[in-house]
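Using the numbering used here, you'd call the opening residue of the sequence shown number 1 and step up by one each time.
Even for Gly, the Cβ is constructed at its ideal location relative to N, Cα and C.
Every value quoted in this text rests on a predicted model; they were computed, and no experiment measured them.
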Amino acid sequence: MNKKASYWASEKFLAEVLSRLPSYIFWKDRDCTYLGCNKTYSDSVGLPSPREIIGKTDYDLPWSKEESDAYRADDQEVMRMNRPKINFEEAQTTAEGKKITLLTSKVPLTDDNGEVIGILGIYNDITELKSAQNLLIEAKDKADIANKAKSEFIANMSHDLRTPMTGVLGMIEILRDTIKKAANLIKPNSTLSLDDYRSTFETLLIQIEEYASIAKTSSVTLINFFNEILEVLQLETTRSLPKPAIFNLPNLIQKNVDLFLSMATHKKITLSYRIAESVPIYVESIYSYLDRCLSNLIGNGLKFTEKGYVKILVTLEDEKKTYKAGDFTTIVIRVMDSGIGIPNDKFDTIFENFSRLTSSYDGIYPGTGLGLYTVKRYVEAMGGEIKVNSEIGKGSCFTLRLSLKAARPSDETSMKRQPLFPQPAQPAVVTNLTTSEKPGVANQASSVLVVEDNIPAAMVVRSMLNSLHWPTDLAKTGAQAVQMASQTDYDFILMDVGLPDFSGIEATKQIRSLNSPRSQVPIIALTGHGNDPQRRQEALDSGMQEVLTKPATLPDLENIVKRFAHTKDEIPSAESKYEKLATREDTSLAIINWDGCVQKCIGNVDFTKELLALFAHDLKASQETLAKHYTNRDEVALRAELHRVRGGISYLALPQLENALQIFHNAVKANPQGLESLDKQYKAVEQAMQAFWEEWDKRTR
Numbered sequence: 001m002n003k004k005a006s007y008w009a010s011e012k013f014l015a016e017v018l019s020r021l022p023s024y025i026f027w028k029d030r031d032c033t034y035l036g037c038n039k040t041y042s043d044s045v046g047l048p049s050p051r052e053i054i055g056k057t058d059y060d061l062p063w064s065k066e067e068s069d070a071y072r073a074d075d076q077e078v079m080r081m082n083r084p085k086i087n088f089e090e091a092q093t094t095a096e097g098k099k100i101t102l103l104t105s106k107v108p109l110t111d112d113n114g115e116v117i118g119i120l121g122i123y124n125d126i127t128e129l130k131s132a133q134n135l136l137i138e139a140k141d142k143a144d145i146a147n148k149a150k151s152e153f154i155a156n157m158s159h160d161l162r163t164p165m166t167g168v169l170g171m172i173e174i175l176r177d178t179i180k181k182a183a184n185l186i187k188p189n190s191t192l193s194l195d196d197y198r199s200t201f202e203t204l205l206i207q208i209e210e211y212a213s214i215a216k217t218s219s220v221t222l223i224n225f226f227n228e229i230l231e232v233l234q235l236e237t238t239r240s241l242p243k244p245a246i247f248n249l250p251n252l253i254q255k256n257v258d259l260f261l262s263m264a265t266h267k268k269i270t271l272s273y274r275i276a277e278s279v280p281i282y283v284e285s286i287y288s289y290l291d292r293c294l295s296n297l298i299g300n301g302l303k304f305t306e307k308g309y310v311k312i313l314v315t316l317e318d319e320k321k322t323y324k325a326g327d328f329t330t331i332v333i334r335v336m337d338s339g340i341g342i343p344n345d346k347f348d349t350i351f352e353n354f355s356r357l358t359s360s361y362d363g364i365y366p367g368t369g370l371g372l373y374t375v376k377r378y379v380e381a382m383g384g385e386i387k388v389n390s391e392i393g394k395g396s397c398f399t400l401r402l403s404l405k406a407a408r409p410s411d412e413t414s415m416k417r418q419p420l421f422p423q424p425a426q427p428a429v430v431t432n433l434t435t436s437e438k439p440g441v442a443n444q445a446s447s448v449l450v451v452e453d454n455i456p457a458a459m460v461v462r463s464m465l466n467s468l469h470w471p472t473d474l475a476k477t478g479a480q481a482v483q484m485a486s487q488t489d490y491d492f493i494l495m496d497v498g499l500p501d502f503s504g505i506e507a508t509k510q511i512r513s514l515n516s517p518r519s520q521v522p523i524i525a526l527t528g529h530g531n532d533p534q535r536r537q538e539a540l541d542s543g544m545q546e547v548l549t550k551p552a553t554l555p556d557l558e559n560i561v562k563r564f565a566h567t568k569d570e571i572p573s574a575e576s577k578y579e580k581l582a583t584r585e586d587t588s589l590a591i592i593n594w595d596g597c598v599q600k601c602i603g604n605v606d607f608t609k610e611l612l613a614l615f616a617h618d619l620k621a622s623q624e625t626l627a628k629h630y631t632n633r634d635e636v637a638l639r640a641e642l643h644r645v646r647g648g649i650s651y652l653a654l655p656q657l658e659n660a661l662q663i664f665h666n667a668v669k670a671n672p673q674g675l676e677s678l679d680k681q682y683k684a685v686e687q688a689m690q691a692f693w694e695e696w697d698k699r700t701r
């Protein structure tokens, strides 16, 4: 062998190769004691050369005992199983105390006889790769959240834009109809007197003014939505900020409080503010941005608060700090409310664009989901920060910290401070509601119930129905709808799906569960998602007969009237249309009326006992049959079995079981069926059966 070939085969060459490898390599004996390593590894543990590691264990190296325990356990497992452990992640503390992540592989070392004599390990530092991977995962999660938020934004807008559009289109249609009526009045063959003309035209003018007002309100709502969207687009595309200006800070606060005073009064919420004496009157900043922030936060506070207060508190972060005109000082603005609160896990996401706590089609709080996003962008543009603290059911506090420059106006007389403790808005009682507008009050002469929390939309539908000569009642919540439907015989109900307390779907289920013929009133859904097959099916499954897509038109309502309404003379009485039902599940009814049973069995006591015993046995089989048909939703078979078992009871006197079976049988036959009501009444049948067997067992002991 020549000299060169001898070098290639030498241990010196092998040591040189190991020292050149960028990976960390080591080998240990059967007792997990180091026998060697490469230079990269010895450098990482702070040893001057690879030879220094011979005879050491992991416990002699700079990592923690927990890490050493983990390494030793892996080594022993690989040697015991004589099986490699490839590409697994583990943590390590370097000689400098830095925490890193390793990608490690370990293989067993064997002698000529195949006996395990040690272990060889190799790993690489993947800390930076892991960090990049985590950043990618975080970016993906954010992208998923953003995509979901945008999808919800589109769904919300399809609902929130349809509602005011209903007001605009509906009013236009009604105005056209009113104009036609006016045109008919002035035809040459009209026989109306001058006074009649005057009276009729005055009525028409009042109606036109009312309809135009509703159309204007709806149009303003649409414009506000569009303005919010355009505002965000401007924030995203504008590169230069507006120039700071000097303005009166207390006046800006007062202006925004005045803006929302009527809303607070209507909701009976106390709206007030307080400005500390130390806060400068005049400051220099971006007026429009701060104005928009205050408007949005106060408006949100009132929107998400049903009772209590919304307060604005303005202080200095350092009350003892002195300043003069031109100095920057940190002003803290807190907007506090006693509203519904925000979950802890939503504190960050509420400031993302398109983010909302609830979907508008769930019927609680409309909006674009852009408000707090724009607030955060405005605050950051002014060099400040915004944070939120909140507790579910107890309210929220949004805190703005802004570094504003104290300023002096050109007009010294305007330095006079506004009152520091202005009188809060006093809650006022809403008056002048018509009978049909008062919550929970049903007009006994009306035949249609319109359930809609948006007043313009409700008035449009009501006006259309009035033009069809159908007086209406209005309900603004699901609870009101259920209450009014239980008290009044309506011909049909127009049910908005999104309501403030619970959905129209839930309200329908509750109406269907009423133990009364009123539970079968036709219910028609009004929704902006009528073209969505899943939402349409959900409405029909709840017990609704039809689904109308907003905005409802006059032809839509004419069709509904033709299909579901009756004149008063045509409405069948409850007695003729339904079997007479118990209005409640009366558990005071006797389980076995013994005297009644004996009487039906012609006074023969022994025959009565025999018949009851046969019935008890048959009822066991019937229970299984009923359970099977009910689980399979086999209505035909279920009705047949109910008819059969009720036929058996007719020869006995079992009031409680007979009553439960009768109510359940009528619910099964009803069209449509309320699934929740069926479940409740089926359970009542099972309970009545169990009560019968227990009573029968007592009598036969």
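On the DSSP letters alone, give me the boundaries of the beta strand (DSSP E) that residue i sits inside.
i    : result
D125 : V116 to D125
V451 : V448 to V451
N389 : E385 to E391
Check for me: the alpha helix (DSSP H) holding residue i runs from which residue to which?
i    : result
I592 : Run containing I592: none; DSSP gives neither H nor E here.
I505 : G504 to R512
I246 : Premise fails: I246 lies in the beta strand (DSSP E), A245 to N248, not in any alpha helix (DSSP H).
L540 : P533 to D541
L61  : Segment: none, L61 is in no alpha helix (DSSP H) and carries neither H nor E.
V547 : Careful: V547 lies outside any alpha helix (DSSP H), inside the beta strand (DSSP E) at E546 to T549.
I560 : L554 to F564
DSSP has residue i in a bridge; who is on the other side?
i    : result
R80  : Its beta-bridge partners do not exist; DSSP assigns none.
K39  : The partner list for K39 (beta bridge, DSSP) is empty, contrary to what the question assumes.
K99  : T93
R401 : V332 and E385
R29  : The question names Arg, but residue 29 in the sequence shown is Asp. According to DSSP, which records beta bridges pairwise, D29 is partnered with G118.
M689 : In the DSSP output, where bridge partners are listed per residue, M689 has none listed.
A183 : For A183, which the question treats as bridged, DSSP gives no partner whatsoever.
V598 : Note: V598 sits in no beta bridge, so no partner.
I524 : L494 and E546
F201 : Answer is none; F201 lacks a bridge partner.
T104 : F88 and Y123
T472 : V448
T110 : V116
Y34  : K28
Between residue i and residue j, how many whole angstroms is the CB-CB distance? I'm expecting something under 8 Å.
i    : j    : result
V332 : R401 : 6 Å
I275 : P250 : 5 Å
D496 : G504 : 5 Å
K106 : D60  : About 19 Å; that fails the 8 Å criterion.
P280 : T329 : 7 Å
M464 : I174 : 7 Å
E115 : L102 : With 8 Å as the limit, E115 and L102 do not qualify as a contact, their Cβ atoms being about 29 Å apart.
D453 : P500 : 5 Å
G326 : K405 : 7 Å
I340 : G393 : 7 Å
T305 : S338 : 6 Å
V314 : I269 : About 20 Å separates the two Cβ atoms, so there is no contact after all.
Y211 : I246 : Contact flag wrong, Cβ pair sits at about 46 Å.
H548 : I592 : It is worth fixing the name first, because residue 548 is Leu in this sequence and not His. Going by Cβ atoms, the distance from L548 to I592 rounds to 51 Å, so no, they are not a contact pair.
S486 : S516 : 7 Å
Ordered list of alpha helix (DSSP H) runs contained in the stretch 607–673, each at least 4 residues: 635–649 and 655–669
Completely contained alpha helix (DSSP H) runs for the stretch 250–315, where each covers 4 or more residues: 261–266 and 287–303
Cβ contact check for the stretch 288–299 and the stretch 378–388: 3 or more pairs under 8 Å: yes
Ordered list of beta strand (DSSP E) runs contained in the stretch 476–503, each at least 3 residues: 492–496
Stretch-stretch touch, CB-based, cutoff 8 Å, three pairs: the stretch 25–35 with the stretch 103–119: yes
Stretch-stretch touch, CB-based, cutoff 8 Å, three pairs: the stretch 521–531 with the stretch 539–546: yes
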